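Input: a single structure, listed below in structure tokens.
Number of protein chains: 2
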Amino acid sequence: MGFTFQINNDVTFNHDERLLAKAEALRPKLRTGTMEPVGEGTLTANSESLGGVTVTTDTSTARQSKPMKRRNSLILDFGDHMVGHFSIHIESVGSPMDAPLTLRLKFAELPVELSQESSTYDGWLSKSWIQEETIHLDTLPVDLEMPRRYSFRYAEIKVVDTSPKWQAVFSDARVQTVSAVESMPRETVSDDPEIQRIYQVGCKTLQDCMQEVFEDGPKRDRRLWTGDLRLQALADYVTFNDTTLIKRCLYLFAGMNTTDGRISANVFVDPNTPDDTFLFDYGLFFISTLSDLMNHEQDMEVLHDLYPIAKKQMDVDLDLVGDDGELKLGDTPVFVDWSNDFDKTTAIHGILVYALRQFIDLTVKAGEDAQPYEAKLSALVQYAQDHLFDKERGLFASGPEHEFNIASQTWMVLARVLDNQGNHDLMTAAVRELFPVTGIATPYMYHHIVEALFIAGLKEEAIKLLKSYWGKMITLGADTYWEAFDPDQPEYSPYGSTLINSYCHAWSCTPVYLIKKYLPMGR
Amino acid sequence: MGFTFQINNDVTFNHDERLLAKAEALRPKLRTGTMEPVGEGTLTANSESLGGVTVTTDTSTARQSKPMKRRNSLILDFGDHMVGHFSIHIESVGSPMDAPLTLRLKFAELPVELSQESSTYDGWLSKSWIQEETIHLDTLPVDLEMPRRYSFRYAEIKVVDTSPKWQAVFSDARVQTVSAVESMPRETVSDDPEIQRIYQVGCKTLQDCMQEVFEDGPKRDRRLWTGDLRLQALADYVTFNDTTLIKRCLYLFAGMNTTDGRISANVFVDPNTPDDTFLFDYGLFFISTLSDLMNHEQDMEVLHDLYPIAKKQMDVDLDLVGDDGELKLGDTPVFVDWSNDFDKTTAIHGILVYALRQFIDLTVKAGEDAQPYEAKLSALVQYAQDHLFDKERGLFASGPEHEFNIASQTWMVLARVLDNQGNHDLMTAAVRELFPVTGIATPYMYHHIVEALFIAGLKEEAIKLLKSYWGKMITLGADTYWEAFDPDQPEYSPYGSTLINSYCHAWSCTPVYLIKKYLPMGR
């Protein structure tokens, strides 16, 4: 994910060496591979593609460039999205090299990034994320090995300058790819080629985000967020099934909660550092992820270590719930979705119910007393049914303005506040009154809407949304799914520039989970 | 020096392993030292300084910067010109580092370089020479050690971006200086403080150009040229007296002459490569440098090894001299000076006479037969006296337009074509008719004019020119002498930008030689 900046200097964090040592022991040895470009590309206008540009690639191109001088440039197309380290061999031809060679290297996940000058970016998010380097080479030949890791499909090499007496020749470009997991063998999951393709792109997205932690995005924001972790873990169980990495991430969060028991919304590694950002729903998703893990693989050591941490977080959260079951958030920050243009009160109420159910499950598994939590759950559910559900409209309302929005309905379905028929009626009303979805720009929220449709038995609507949302990214040129995407305005960026968007983002890989869980082959 | 580009693809070079092995054995072990900044500087308008700007330095500044965020910048003033490797410690303060740090580092010999945006440079010389780097740091703290060598006094650090949540703090900036020689102890060479200062700046210039070879300029064009070597060697004898480096450079040229016997105007090292640029006068200066060395230190091994190489070059050159003593250059490229706005025929004739005299001296030392060369010398001198000297004007004329220029008079004096009285009369006429010098932009040519004045007995004129030329660079802010300087238009650049000029340039250090030789203390 990404988020408006919080700065909380007054928070104190635990640093539990025992838990962090377990996280360290679970650190994956990264798998590497070597990839070569499939050919030289040309930036071409194409109204079907994001930003109106695509790269047309000549796969017959030799592995060695033409001699290049001042202002010449070259696009190498590696054929698919990848995360790794770029290297290239460079020689000079002509007279002796009488000046340094200056190069600009730009690494792009999508052609739209190549079509914009980085110097024009002036958004509020750090421009340091733009994957562009300017380097000077004093002597040639050289095997240039770029020390930083990049996330890209296209590498653009621009010769800033040689001298009039010689040119630079580039050859043997390579990427040493890195991921915590090996590539998935190509697996047929659907007879529908559109669904099949949506699945494959999701697999690639997940793989490229699985590094030493589940990264938010390998291009930008390379850190670990709880809410994103929850979705990646769900996707991982049905694909790579690498539970080691999930456990490592849970231990990282658990080892660095606050002294009053809260889980940071995200952490950094190398060195292990919790961020001073807290989001009510993201704290709950630590609990949710632990519960999902225990349902997948009952590891009692992990449960024993992490249940007390989950309990502290839940207790802090339930302190905000009144006896009548009303959640009184005050000014506690929440996420739900990137957009702040809708009221989030009811959605958050639903998320608390959703996570509390999972916590009770964990409590039972841990052999602890679940009764007090059962009581809180009843009160929360009752409150939702009595005070948030508008029986006349057949929809949940949110906030003082009695607003009807899609997030509220979605989370109330996922929280199972109504029975199956109630959920079906609710989503039917939602489709009738609130579709087509507008104003939502994240695959994260779309995931929850699609899952709510499946749960409510609206399978056709779910498939339709899956195809129209993730499928449209593919039509626009996606090799991996994007951090942000509003189908009504494809070039929307939360940061004011398509240049800085992340086009391989953890939370958008969930079609693999939705397809495997709700559209199993042969049924 | 620097020069219009020649491309000669059809030349074949020798690569004499025996001579190059000797050059390698003479490679100096570089002396290193550690320098810290004297304070933080501020770019300030100052009409007295080159480009109208100077840096005002607060020497009370702490060794640690203030926290710096997007667009903040800092100038570190190291107090004097230096050549070496820059390092700095960088930490982040505030919230955890949630984005890479992007820095732009710019290394400047003079404040004028800091006052210009590098991106605006569009001259014909490679922009790769501009000492500017943009780097991304993914994690902090870091001890950043810049791998490339820079030539500078000022280091400007600009924070391109952090993120809104944290800032960068810089401390412990250092330069590990490199030179083939230790700093000169401060030596009093004159009671005249102006002359004393001119000498000191020359010493520093020479020191910073003495690296693994005598470099043209440590900022730009870091290679070895014969004509520049000759002047640096003369300056070295009276200061650092490191004859090892001179011998190494001579062996490099000798080991890579052409198969037809010509010495390249310049060579590159690492790997040893001769440039495909040839200049008639620069070939002769190999001979001249060898002769000066033998006069300073009679090393018979060097003479034995290099005399045959010198002889081949001289024989090739003398092929262009007719029986009547006329040098018929045709379209052979020559240098004499950067300017191409004057006729160089007579100056080159003088340079040949000058070098032939030295070659005859070498021939005698080598025990070879000098007689054929004596005959050529007589013919050349006779031709100059009969056909180039305009008795009525008392000046040497040059070229088909019978042009009178300062370069002709200067080189005829240095070549001793006239007797002492003749030289005195000639330079007196030159001062009267051709002074003030105009249209000359190189310390290289000014050096020869000043030396000709001294030789002709015009000591006061020589001192006046020394002070008005090199002294004016100091007034304009020089810590070391510049590659190019036209006192009438201080901001002149042969490359169309003061940004790319070299402000520490080998061939401009010669006041140390002129002062020591012609203005010895106590006389």
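Chains as they are written, first to last, in the UniProt record's numbering: chain F, 1 to 523; chain L, 1 to 523.
From the three backbone atoms N, C-alpha and C, an ideal C-beta is built for every residue, glycine too.
Note that the coordinates shown come from a computational prediction; the quantities given were computed from them, not determined experimentally.
1) Going along chain L in order, which residues have a C-beta closer than 9 Å to the C-beta of F/PRO100?
2) Return the chain-ordered list of same chain residues with a C-beta closer than 7 Å to the C-beta of F/ALA310, the five sequence neighbours on each side being excluded.
3) Drop a sphere of 10 angstroms on the beta-carbon of F/ARG432, count the other beta-carbons inside from all chains shown, and report buried for 16 or more, exposed for fewer.
4) Return the chain-ordered list of same chain residues with a C-beta closer than 6 Å to the C-beta of L/GLY79, the five sequence neighbours on each side being excluded.
5) In whole angstroms, give me the CA-to-CA distance for L/ASP275 and F/ARG220.
6) Is the CB-CB distance between F/ARG104 and F/LYS158 below 9 Å?
7) I'd like the ranges of any alpha helix (DSSP H) spanning at least 4 consecutive residues and lying wholly in the stretch 438-491 of chain L.
8) Where F/SER139 and F/PRO96 are concerned, what is the direct C-alpha to C-alpha distance, given to the nearest angstrom?
9) How about F/THR139: is its C-beta nearer than 9 Å to some C-beta of chain L?
10) Out of curiosity, what's the CA-to-CA distance linking F/ALA173 and F/LEU206?
11) How about L/MET97: is its Cβ closer than 8 Å to a heavy atom in the ligand GDP?
12) With 9 Å as the threshold, decide whether the Cβ of F/MET68 is near any Cβ in chain L.
13) Throw me the rounded Cβ distance for the L/ILE500 and L/TRP225 pair, which I believe falls under 8 Å.
14) For F/GLN211, count the other beta carbons within 10 Å of its own beta carbon; 16 or more makes it buried, fewer makes it exposed. Which is it?
15) Which full runs of the alpha helix (DSSP H) of 4+ residues lie inside the stretch 176-224 of chain L, going along the chain?
16) Go through the stretch 215-299 of chain L residue by residue and report every complete run of the alpha helix (DSSP H) that reaches 4 residues or more, in order.
17) Give me the Cα-Cα distance between F/ARG248 and L/GLN167, rounded to the nearest whole angstrom.
18) Please decide whether L/SER163 counts as near chain F, where near means a Cβ-Cβ distance under 9 Å.
19) Considering Cα atoms alone, identify which of F/LYS472, F/VAL11, F/LEU19, F/ASP191 is closest to F/LYS516.
20) Spell out a yes or no on whether the stretch 321-335 of chain F and the stretch 423-440 of chain F are touching, meaning 3 or more CB-CB pairs, one atom from each, closer than 8 Å.
21) Assuming L/GLY39 is part of the beta strand (DSSP E), what are its boundary residues?
22) Going along chain L in order, which residues have a C-beta closer than 8 Å to the C-beta of F/VAL178?
23) Can you find a CB in chain F that lies within less than 9 Å of the CB of L/PHE5?
24) Mind listing the chain F neighbours of L/ASP275? Cutoff is C-beta to C-beta under 8 Å, in chain order.
25) How many angstroms separate the CA atom of L/ARG27 from the CA atom of L/VAL213?
26) Please go through the stretch 298-345 of chain L and give each complete alpha helix (DSSP H) segment of 4 or more residues, from N-terminal end onward.
27) Would the beta-carbon of L/SER408 fall within 9 Å of that of L/LEU380?
28) Can you give me the start and stop residues for the beta strand (DSSP E) that F/GLU433 sits inside?
29) Which chain L residues are close to F/THR134, counting only those with a beta carbon under 7 Å from its beta carbon?
30) Among F/PHE253, F/THR244, F/ARG357, whose alpha-carbon lies nearest the alpha-carbon of F/GLY227?
31) Check distances from the C-beta atoms of the stretch 247-273 of chain L to those of chain F and list, in chain order, the residues that come in under 7 Å.
32) Return the Cβ separation of F/TYR444 and F/ASP337 in integer angstroms, given the expectation that the two are a contact with Cβ distance under 8 Å.
33) Indicate whether F/GLY283 and F/VAL316 have their beta-carbon atoms separated by less than 9 Å.
34) Go to F/LEU105, then tell me how far its beta strand (DSSP E) extends in each direction, as first and last residue.
35) Between F/PRO487 and the rest of its own chain, which residues show a CB-CB distance below 7 Å, the 5 nearest in sequence each way excluded?
If we stick to the structure as given:
1) Within chain L, the residues near F/PRO100 are SER126, SER128, TRP129, ARG148.
2) Hits under 7 Å: PHE286, ILE287, LEU290, PHE359, LEU362.
3) Sixteen is the threshold: since fewer than 16 other Cβ atoms of the shown chains lie within 10 Å of the Cβ of F/ARG432, the residue is exposed.
4) Around L/GLY79: VAL38.
5) Using only the alpha carbons, I get a separation of about 46 Å.
6) Cβ distance < 9 Å, so F/ARG104 and F/LYS158 count as in contact.
7) Fully enclosed alpha helix (DSSP H) runs of 4 or longer: 443-455, 459-475.
8) According to the sequence displayed, residue 139 of chain F carries Thr and not Ser. If you draw a straight line from the Cα of F/THR139 to the Cα of F/PRO96, it comes to about 10 Å.
9) F/THR139 counts as touching chain L.
10) Cα to Cα, F/ALA173 sits roughly 25 Å from F/LEU206.
11) In the structure on display, the ligand GDP does not appear, and there are no ligands present to speak of.
12) By this cut-off, F/MET68 is not an interface position.
13) About 18 Å; that fails the 8 Å criterion.
14) F/GLN211 should be labelled buried.
15) List check, alpha helix (DSSP H) in window: 193-209.
16) Whole alpha helix (DSSP H) segments, 4+ residues: 226-237, 243-255, 280-296.
17) For F/ARG248 and L/GLN167, the distance between alpha carbons rounds to 30 Å.
18) L/SER163 counts as touching chain F.
19) F/LYS516 has its Cα closest to that of F/ASP191, out of F/LYS472, F/VAL11, F/LEU19, F/ASP191.
20) No: fewer than three Cβ pairs fall under 8 Å.
21) Residue range 39-45 is occupied by the beta strand (DSSP E) that includes L/GLY39.
22) Close partners of F/VAL178 in chain L (Cβ separation under 8 Å) are lacking, with about 14 Å as the shortest Cβ gap.
23) Interface residue, yes.
24) Using a Cβ-Cβ cut-off of 8 Å, L/ASP275 is close to SER95, PRO96, ASP98 of chain F, given in chain order.
25) Roughly 8 Å separates the two Cα atoms.
26) Runs of the alpha helix (DSSP H) inside the stretch 298-345 of chain L: 300-318.
27) 9 Å or more divides the Cβ of L/SER408 from the Cβ of L/LEU380.
28) Here F/GLU433 belongs to no beta strand (DSSP E); instead the alpha helix (DSSP H) covers 420-434.
29) In chain order: THR134.
30) When C-alpha distances from F/GLY227 are compared across F/PHE253, F/THR244, F/ARG357, the shortest belongs to F/PHE253.
31) Per Cβ criterion, the list reads PHE268, ASP270, THR273.
32) Separation of the CB atoms of F/TYR444 and F/ASP337 is rounded to 7 Å, and the pair is thereby assigned contact status at 8 Å.
33) It is a contact, given that the beta carbons lie within the stated cut-off.
34) Here the beta strand (DSSP E) through F/LEU105 covers 101-108.
35) Sequence-distant partners of F/PRO487 (beyond 5 residues in either direction) whose C-beta falls short of 7 Å from its own C-beta, in its chain, are SER468, TYR469, LYS472.
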